[in-house]
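Visitor: If you count the sequence shown from 1, position 62 lands on 341 in this note's numbering, and the numbers rise without skipping. Okay, here's the structure, questions in a sec.
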Amino acid sequence: EYENGRTSPERNRGSKVTIKSSYLKAESWFEDYVDSCADRIPNEDKYCLPTCLTKKEIYLTYADDVRSTGLCPISRSTFSRMWKARFRNVIVPKENKFTKCGVWVALKLCLQGTTDKDKRKSFAIERKLHNKQQMAERRVYYGNCLRAERDPKRYLSLILDGMDQSKTNIPHANCLSKVSTISKLISWEKLA
280 EYENGRTSPE RNRGSKVTIK SSYLKAESWF EDYVDSCADR IPNEDKYCLP TCLTKKEIYL
340 TYADDVRSTG LCPISRSTFS RMWKARFRNV IVPKENKFTK CGVWVALKLC LQGTTDKDKR
400 KSFAIERKLH NKQQMAERRV YYGNCLRAER DPKRYLSLIL DGMDQSKTNI PHANCLSKVS
460 TISKLISWEK LA
């Protein structure tokens with residue numbers, strides 16, 4: 280190689296970056312977390328996590344999950360950089376556009392209102408259990424959606440959530456009652 284112009288014994292270090300397996304596992308964990316907890320905004324490419332969460336709480340949840348498997352989590356700053364780099368469309372909004380979960384709000388107020396460590400710990404456990412239940416319900420819902428997509432003649436998946444229909448491709452429902460329709464017909468007959 281020296282004959283071909285190499286001047287040093289070091290190898291050429293290209294710009295190849297190796298990503299640690301812990302980072303990839305954190306990405307995978309966060310992707311699953313977003314799938315099970317976040318609400319997708321139908322008219323934007325954004326996913327909103329519950330407003331009662333903070334990025335620190337999400338990181339602590341990740342760290343607890345990873346430690347429970349006997350592994351070492353990535354640092355909080357690395358987790359934040361990963362979030363900014365790979366999950367820009369995932370946000371924790373200050374205000375939620377959707378209805379707020381009453382249990383979440385109550386638990387958040389209880390956590391903010393107490394300084395007793397035992398009570399805070401029990402509220403945190405309760406919130407974690409509630410979060411697991413919500414995630415399980417979402418998994419069932421999305422499983423039903425998938426089943427309906429695969430076999431539309433046999434299954435129908437429908438959710439009634441009170442969302443503004445102008446934001447989706449769902450046909451607009453007619454909100455007029457029979458009485459109001461009849462009164463319009465009568466008023467048209469009077470004009471004719």
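Built from N, CA and C at the ideal position, the CB exists for glycine as well.
Take the Cβ of Leu388 as the centre, count every other Cβ of all protein chains shown within 10 Å, and call the residue buried at 16 or more, exposed below.
Guide: So Leu388 counts as exposed.
Visitor: Which of the three DSSP states is assigned to Asp343 in this structure?
Guide: Correct three-state label for Asp343: helix.
Visitor: What are the boundary residues of the beta strand (DSSP E) that includes Ile404?
Guide: Note, Ile404: premise wrong, no beta strand (DSSP E); alpha helix (DSSP H) at Lys396 to Arg429.
Visitor: Look at the alpha carbon of Tyr302 and the alpha carbon of Val345, and state the distance between them as a whole number of angstroms.
Guide: Straight-line Cα distance between these residues: approximately 12 Å.
Visitor: For my contact list, Ser359 and Lys334 are in at a C-beta cut-off of 8 Å; report their separation, rounded to the angstrom.
Guide: That pair is a contact at about 7 Å.
Visitor: I need the straight-line Cα distance from Leu435 to Ile404, nearest angstrom please.
Guide: Those two C-alpha atoms are separated by around 36 Å.
Visitor: Under the rule that 16 or more other beta-carbon atoms within 10 Å means buried, what is Tyr338, buried or exposed?
Guide: That one is buried.
Visitor: How many Å lie between Asn322 and Asp397 at the Cα?
Guide: So the two alpha carbons sit approximately 43 Å from each other.
Visitor: Quick check on this structure: which residue in Phe309, Val313, Pro329 and Trp308 has the alpha carbon closest to the alpha carbon of Leu386?
Guide: Among Phe309, Val313, Pro329 and Trp308, the Cα nearest to that of Leu386 is on Pro329.
Visitor: Taking buried to mean at least 16 other C-beta atoms within 10 Å of its own C-beta, is Ile298 buried or exposed?
Guide: Exposed, since its Cβ has fewer than 16 Cβ neighbours within 10 Å.
Visitor: So, are the CB atoms of Trp383 and Cys331 less than 7 Å apart?
Guide: Result yes, Cβ atoms of Trp383 and Cys331 sit closer than 7 Å.
Visitor: Closest by CA to Cys380, which one among Glu336, Thr393 and Asp318?
Guide: Here the closest residue by C-alpha is Asp318.
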